[in-house]
Structure formats: structure tokens, C-alpha cells
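Q: The following block contains the structure, expressed as C-alpha cells.
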Amino acid sequence: MTIVRRHHAVTALNAMESSPTLARLAALTQDSSNRLKAVLPLIPPMLRVSLQAGPIDGDSWCVIVKNNAAAAKVRQLLPAMAAHLRTKGWDVSTIRIKVQTQ
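The opening residue of the sequence shown carries number 205 in the numbering used here; numbering runs sequentially from there.
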């Protein structure tokens, strides 16, 4: 007896809707991107291209930076960034910085 398997394409949206884990991951990714957009006005324009939204873990959020120089500058802005996010309704007590490795 031969079993015939029919493979069909599933869109990313359909996969997320059918999987609670993927839906949660997509929501966290969107939330992290929204946080970055909210703090961008606080970041000097030349430094903005060095930042990426990182993971969220409870009340801690991570910002990924391209190099150590950018990390040093962003580190000075962390208190203002966290305060700004709290005024916008996010529960952020800590913002971590991770330097992107290549």
C-alpha cells in the first residue's frame, strides 16, 4: 500500500494563525518594532541606522546595535528611552544593549 502525501503551500500568515507559539512570536516581534519606532525621535539621526529592535523578556527589552561606539552612545540614552516608553504605556524597567557580532 502506497501512501500519497499532498503537500500544499501555507502562507506565513496562515501558519501564524494556526500556531499559538508563532502568533506569540509575531506579536512580540511587532511589539519590539513598535518600541523602537517610539524611541527613535530620542536617538540622534546619524545613530538611528545602527539600531535594531531586539527581544522582549517580561519587562526587559533589548536593543541591538551595530558596534561598540554606537552602544556607548545609546547607553547614555537608556534612562530617557525607558521613561519615554513608560509614558507611552509599555511596561519597561530595563533596556539592554547587545552589540551585533558578525
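Heads up, the beta-carbon is just placed ideally off N, CA and C, and yes, glycines get one too.
These numbers were taken from a predicted model, which means no experiment stands behind them.
(1) Work out the CA separation of Ser264 and Ile299 for me, nearest whole Å.
(2) I'd like to check one pair, Ala275 with Val269: are the Cβ atoms closer than 7 Å?
(3) With Ala284 as the anchor, note down where its beta strand (DSSP E) starts and where it stops.
(4) Under a three-way DSSP split, which group does Thr298 fall into?
(5) Taking just the CA atoms, how far does His211 sit from Met250?
(6) Return the CA-CA distance between Ala287 and Ala213, expressed in angstroms with no decimal places.
(7) Determine the extent of the beta strand (DSSP E) in which Ser254 is found, giving its start and end residues.
(8) What is the residue span of the alpha helix (DSSP H) that Ser237 lies within?
A: Let's see:
(1) Going by the C-alpha atoms only, they are around 6 Å apart.
(2) In this structure, the beta-carbon distance from Val269 to Ala275 falls below 7 Å.
(3) That residue, Ala284, is in no beta strand (DSSP E); its alpha helix (DSSP H) goes 272 to 291.
(4) DSSP places Thr298 in strand when its eight states are reduced to three.
(5) Taking the straight line joining both Cα atoms gives about 47 Å.
(6) Approximately 44 Å between the Cα atoms of the pair.
(7) Ser254: not part of any beta strand (DSSP E); DSSP gives it neither H nor E.
(8) For Ser237, the uninterrupted alpha helix (DSSP H) run begins and ends at 224 to 243, by DSSP.
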